[in-house]
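*Asks:* In this text, residue positions in the sequence shown follow the UniProt record's numbering: the first is 1, and each later residue adds one. The beta carbon of each residue, even a glycine, is placed where N, CA and C say it ideally should be. My structure is below; once you've seen it, I'll send some questions.
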Amino acid sequence: MVTRLFSVYGMAPAPTVTPERSSQVVSKPYPNYKVIVLNDDFNTFQHVAECLMKYIPGMTGDLAWDLTNQVHYEGLATVWTGPLEQAELYHQQLRRAGLTMAPLEAA
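Next comes the structure, spelled out in structure tokens:
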């Protein structure tokens with residue numbers, strides 16, 4: 001039966017030649033993600049600003065209020081941008097505090 005297979009399909013395939021590996025290493029940075037707070041009808045300005053200051057590292061009072069106003073008047077604001085793992089943490093903390101959050105979005 002083996003003889004018949006070779007006669008039907010021809011000779012065994014030629015050996016595969018693999019190309020040489022490049023010695024160059026290409027580094028690609030991890031993508032950043034945006035944490036976006038959405039406007040809603042039940043969170044107060046004070047609560048939104050306090051949550052931003054509590055959960056977003058380095059958030060100042062002035063910036064928190066600027067972002068809170070942006071949420072209110074423009075419907076949303078990107079409150080933090082960075083690596084996925086941290087973005088997931090801040091997103092979850094803000095959501096648990098009652099803020100209305102957009103899904104994480106690649107920056």
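How far does the beta strand (DSSP E) with Ala107 in it reach, from first residue to last?
*Replies:* Neither: Ala107 is in no beta strand (DSSP E) and is coded neither H nor E.
*Asks:* On the DSSP letters alone, give me the boundaries of the alpha helix (DSSP H) that Gly61 sits inside.
*Replies:* That run of the alpha helix (DSSP H) goes 61 to 74.
*Asks:* Rounded to whole angstroms, what's the CA-CA distance from Pro57 to Tyr33? Just pull it up for me.
*Replies:* Spanning the two alpha carbons is a distance of roughly 15 Å.
*Asks:* Less than 8 Å separating the beta-carbons of Leu76 and Glu88?
*Replies:* No, the Cβ-Cβ distance between Leu76 and Glu88 is not below 8 Å.
*Asks:* Let's test the definition: count the other Cβ atoms within 10 Å of the Cβ of Ala64 and tell me whether it reaches 16, buried, or not, exposed.
*Replies:* Result: buried.
*Asks:* Looking at the unbroken alpha helix (DSSP H) that takes in Lys54, where does it start and where does it end?
*Replies:* Per DSSP, Lys54 belongs to the alpha helix (DSSP H) from 45 to 55.
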